[in-house]
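The sequence shown begins at -9 in my numbering and counts up by one. By construction, the Cβ of each residue, glycine as well, lies at the ideal position given by its N, Cα and C atoms. Predicted, not measured: the structure shown is a model, and the values here were computed from it.
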Amino acid sequence: MMDALVLDRVDFVKLLIENGVNIHHFLTIPRLEELYNTGNLPPDYQITLIDIGLVLELLMGGAYRCNYTRKSFRALYTNLYGLKRDDEPRSKGKGKKKKKKEEEPDLDLEDPELSRFQYPFHELMVWAVLMKRQQMALFLWQRGEEAMAKALVACKLYKAMAHESSQSEPVDDIFQDLENNSKEFGQLAYELLDQSYKHDEQLAMKLLTYELKNWSNSTCLKLAVAAKHRDFIAHTCSQMLLTDMWMGCLGMGRSNSLKVILGILFPPAILLLDFRLGDEARDNEDSKARGRQEDDNKSNKDAVSNVDATSKKGDEEEDQRKVKKRIPIGRKIYEFYNAPFTKFWFNTASL
């Protein structure tokens, strides 16, 4: 497997995985570091995973924090390689390092799980992207979890690498190849979002806001913004999500601006506004959608279903009224003033 990855033999890697090679057991910290050191490097020069983490943070930009630079990984890395690298020259603070080691929790170095990764395909795909091995990166992207997030990360990395190459090297071919690779992964992310949205709108919106622990607790929407993926952000699912975030818990409908302005000028009018609070609103929307589907199916069969449909709609309206009555006055006032839409009109009026 190691030779297949180093030689960029995608077919051979696929064959090994299909025949039972466990990537989780194969990929360890030393092996991943060895993969990063297989390029054309100067003699006696070694790249560490901590160095790779710093590079990833530079390319991703913003507040992105790579797992390779976190304290927990640094402690594990030091314990794994401490015995091998004790002979290397060290700086002055030797006593301080000993104190730090005493404070760190004891790790069982004989435990093989310590040197393995929770998502090995994530790490290998990032390696393939940094090594500019597009076909290998595409193959590894198809394996493992969080396909949309991986596609957006690859899109961002390629775009940042293209920007760096345009500043340091005048060669147009490298820049164009990196740009094309970025567009290919960006298109994959867009197609995934489109298919998810067609299958289930609510789940697709949750997919955009799900916190990705392996990607610095970011979300797919944040990654798309970081990658400046305009088509992804312009998708209907993303726009609906942004609209929900913009409105907060205020109900969406006609003449919202006038109602909000009225609530600002005449606070008692806040109690007359419609609110959508958390799971209750989502449950209502889901029940509405299910009711409509059932109504459409039954209307094709016979006319009796129309009576059932009207009774169901009446029940739903009663449920909505009950939900509105359940919302405390204090909660309504808090959600009104906390909504970004309301804050916008406050700032506009203060100018």
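{"Check": "Can you give me the Cβ contacts of residue 0 inside the same chain, cut-off strictly under 8 Å, excluding the 5 residues immediately before and after it?", "Outcome": "125, 126 and 129"}
{"Check": "Is DSSP giving residue 106 helix, strand or coil here?", "Outcome": "strand"}
{"Check": "Assuming residue 256 is part of the alpha helix (DSSP H), what are its boundary residues?", "Outcome": "Where residue 256 is concerned, there is no enclosing alpha helix (DSSP H), given that its DSSP letter is neither H nor E."}
{"Check": "How long is the line joining the alpha carbons of residue 10 and residue 140, rounded to whole angstroms?", "Outcome": "24 Å"}
{"Check": "Return the residue from the list 181, 246 and 237 that minimises the CA-CA distance to residue 194.", "Outcome": "181"}
{"Check": "For the stretch -4 to 24, list the beta strand (DSSP E) runs that are entirely contained and at least 3 residues long, ordered along the chain.", "Outcome": "none"}
{"Check": "Within 10 angstroms of the Cβ of residue 205, are there 16 or more other Cβ atoms? Answer buried if so, exposed if not.", "Outcome": "buried"}
{"Check": "Determine the DSSP secondary structure at residue 206, reduced to helix, strand or coil.", "Outcome": "coil"}
{"Check": "So the candidates are 230, 37, 340 and 248; which of them puts its Cα closest to the Cα of residue 192?", "Outcome": "230"}
{"Check": "For residue 111, collect the residues of the same chain with a Cβ closer than 7 Å to its Cβ; drop the 5 residues on either side in sequence, then sort them by chain order.", "Outcome": "13, 130, 133 and 134"}
{"Check": "Determine the extent of the alpha helix (DSSP H) in which residue 170 is found, giving its start and end residues.", "Outcome": "162 to 189"}
{"Check": "My guess is that residue 217 and residue 146 are in contact by the Cβ rule of under 8 Å, so how many angstroms apart are they, rounded?", "Outcome": "4 Å"}
{"Check": "Count the other CB atoms within 10 Å of the CB of residue 136; is the residue buried (16 or more) or exposed (fewer)?", "Outcome": "buried"}
{"Check": "DSSP three-state label for residue 31, please.", "Outcome": "coil"}
{"Check": "Count the other C-beta atoms from every protein chain shown that fall within 10 angstroms of the C-beta of residue 324, then say buried if there are 16 or more, exposed otherwise.", "Outcome": "exposed"}
{"Check": "Please tell me whether residue 253 and residue 328 are closer than 8 Å, where the distance is taken between their beta carbons.", "Outcome": "no"}
{"Check": "For residue 171, which residues from the same chain have a beta carbon less than 7 Å from its beta carbon, with the 5 sequence-adjacent residues on both sides left out?", "Outcome": "124 and 148"}
{"Check": "How far does the alpha helix (DSSP H) with residue 124 in it reach, from first residue to last?", "Outcome": "124 to 131"}
{"Check": "Who are the near neighbours of residue 183 in its chain, counting only those whose CB is closer than 7 Å to its CB and skipping five residues on each side?", "Outcome": "138, 194, 222, 225 and 227"}
{"Check": "With respect to the alpha helix (DSSP H) encompassing residue 154, which residues constitute its N-terminal and C-terminal limits?", "Outcome": "137 to 158"}
{"Check": "Pull up the distance between the alpha-carbon of residue 260 and that of residue 318, whole angstroms please.", "Outcome": "12 Å"}
{"Check": "Which of the three DSSP states, helix, strand or coil, is assigned to residue 248?", "Outcome": "helix"}
{"Check": "Which word fits residue 22, buried or exposed, when buried means at least 16 other C-beta atoms lie within 10 angstroms of its C-beta?", "Outcome": "buried"}
{"Check": "Give every residue of the same chain whose Cβ lies closer than 6 Å to the Cβ of residue 39, excluding the five residues on either side of it in the sequence, and list them in chain order.", "Outcome": "23 and 58"}
{"Check": "In the DSSP assignment, what are the bridge partners of residue 49?", "Outcome": "According to DSSP, which records beta bridges pairwise, residue 49 is partnered with nothing at all."}
{"Check": "Between the stretch 26 to 46 and the stretch 113 to 121, do three or more beta carbon pairs fall short of 8 Å?", "Outcome": "yes"}
{"Check": "Apart from the five residues on each side of it in sequence, which residues of its chain come closer than 8 Å, Cβ to Cβ, to residue 31?", "Outcome": "37"}
{"Check": "Hey, how far is the Cα of residue 122 from the Cα of residue 163?", "Outcome": "13 Å"}
{"Check": "With DSSP as the reference, identify every bridge partner of residue 265, one or two as the case may be.", "Outcome": "240"}
{"Check": "With residue 322 as the anchor, note down where its alpha helix (DSSP H) starts and where it stops.", "Outcome": "319 to 328"}
{"Check": "Put residue 56 into one of helix, strand or coil per three-state DSSP.", "Outcome": "coil"}
{"Check": "Using the Cβ count rule (16 or more neighbours within 10 Å means buried), how would you classify residue 155?", "Outcome": "buried"}
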